[in-house]
Amino acid sequence: MNMNERMLPEKAEPPVNLANALPGVTYRINLLPIPTVSYVSKAVFVLLGIQPEDLLFKPTDYYRRFLVAEDQQTMRYKVDTAKRSRNLEKIHLQIVDAKGERKHVEDWFVGVFNDDDQLIAIEGYITEIRRSATKWHLLNQLKAYRKAIDVNIISSITDTQGVIIYANENFQRISKYSERELIGQNHRIVRSGHHPKDFFSVLWKTIASGKRWNGEIMNRAKDGTLYWVDTVIIPIFNEERTITSYLSLRTLITDRKKAEQQKDGYIHVLEEIAHIVAHDVRGPVCSIMGLTNLIHTFPDMPDKLKQPLDYLKVATDRLDHLTHKLSDKIYSTEMDLRVTKDKPVNDTDYIPGSPE
């Protein structure tokens, strides 16, 4: 057997009578050399309004027309899940039939492996989900919330291994990666290297335990641009309370971080000035004041030195007073900067200079 023959998927005869008798759609997708439907039961006509033979052995792009935009990367997710799980898995999808009508379905699937432990096919069963009017109303509300979030928030969904299965347009715009470049990649694709390993170890430990994680992360875009995001990561559970994926919601805070860094710089400069005033200026002033007071105590000091000495004492007293005022001003300014540094800053207040 040559290598090309070995790469071809093994043929498997489906239980046709049983498959056609079931109310849902039974299917098989061969993965080699490219993913394509090799079998689908007759119930697909009820679901999609298309005859089974019209769906067989088409290019991958052909099948995407039957999925809504946000579910068009499902095949990649199913392959990754089938390789990792090797158990029966279920996902919810929205499909579009031949009339353009949307339907919600449950897709149960399992991987098929050859003797070399290579995933060669996916077999599955799809059923339409019937919802009450109340459930449809709630679903429409959730869709509206999602659209509102996508306008303002950078969002993505990963599987439990950190592989991206959904990235909204804001994520693509800020990271400068296309959807095709992001889907199927680990979230490390935007890691900047700024944070220590312990940072992400704590993050993963938190969300893997079913808890929400919140923090600020520096990421790196495709062109090398660094950007900061305030991030919330929320575990998503199935009916059995098992974590199936993670939802990340982020807001861009690059300009806020820049403002904080500028204030940190100002505070550092003020601290240096305060040190100079306290030690390099006031020290000599105090020495001069002490020396003039000492000279004033000399009983045989010539009269012609008394007036210059009085002028020197007045000058040093004024300089001492000024250094006190300068120290107080530096301290109050430093405290004001520290207080405002801890207040939240709206990124829209710092439009100039944003790398995004």
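Read in order, the letters of the sequence shown correspond to residues 1082 to 1437 in this note's numbering. All C-beta atoms, glycine included, are put in the ideal place defined by N, C-alpha and C. Note that the structure is a prediction, hence the values are computed from the model and not measured.
query, result
"DSSP-derived helix/strand/coil call for residue 1389", "helix"
"Extent of the continuous beta strand (DSSP E) to which residue 1270 belongs", "Unbroken run through residue 1270: none, as it is neither H nor E."
"Helix, strand or coil at residue 1280 according to DSSP, with G and I counted as helix", "helix"
"Which of helix, strand or coil DSSP assigns to residue 1305", "coil"
"C-beta atoms of residue 1314 and residue 1328 nearer than 9 Å", "yes"
"Nearest to residue 1295 (by Cα), restricted to the options 1316, 1159 and 1210", "1316"
"Proximity of residue 1274 and residue 1254 at Cβ, strictly below 9 Å", "no"
"Neighbourhood of residue 1209 by C-beta, 6 Å cutoff - its chain only, sequence neighbours within 5 removed", "1184 and 1186"
"Local Cβ density within 10 Å of residue 1154, reported as buried at 16 or more and exposed below that", "buried"
"Strand pairing of residue 1326, partner residues [DSSP]", "1240 and 1317"
"Close-in-space but distant-in-sequence residues of the same chain around residue 1159 (CB under 7 Å, 5 per side omitted)", "1190 and 1203"
"Beta bridge counterpart(s) of residue 1332 as assigned by DSSP", "1311"
"Close Cβ partners of residue 1124 (< 8 Å) along its chain, the five nearest in sequence each way excluded", "1101, 1103, 1104, 1105, 1106 and 1107"
"Own chain, CB closer than 7 Å to residue 1179, minus 5 neighbours either side, in chain order", "1129, 1130 and 1131"
"Nearest-angstrom Cα separation, counted from residue 1161 out to residue 1143", "21 Å"
"Straight-line gap, residue 1088 to residue 1225 (C-alpha atoms, nearest Å)", "Residue confidence for residue 1088 is low, a pLDDT of 47 falling below 50, so the modelled location carries little weight; the figure read from the coordinates is stated next. Computed Cα separation, rounded: 45 Å."
"Per DSSP, cross-strand counterpart(s) of residue 1184", "1176"
"Own chain, CB closer than 7 Å to residue 1194, minus 5 neighbours either side, in chain order", "1200 and 1201"
"Within 9 Å, strictly: CB atoms of residue 1177 and residue 1147", "yes"
"Rounded separation between residue 1228 and residue 1133 - CA only", "34 Å"
"Complete runs of the alpha helix (DSSP H) confined to the stretch 1123 to 1164 [at least 4 residues]", "1125 to 1129 and 1141 to 1145"
"Beta-carbon contacts of residue 1099 that lie in its chain and below 6 Å, excluding the five residues immediately before and after", "none"
"Burial state of residue 1236 (16 or more Cβ within 10 Å)", "buried"
"According to DSSP, residues forming a beta bridge with residue 1297", "1311"
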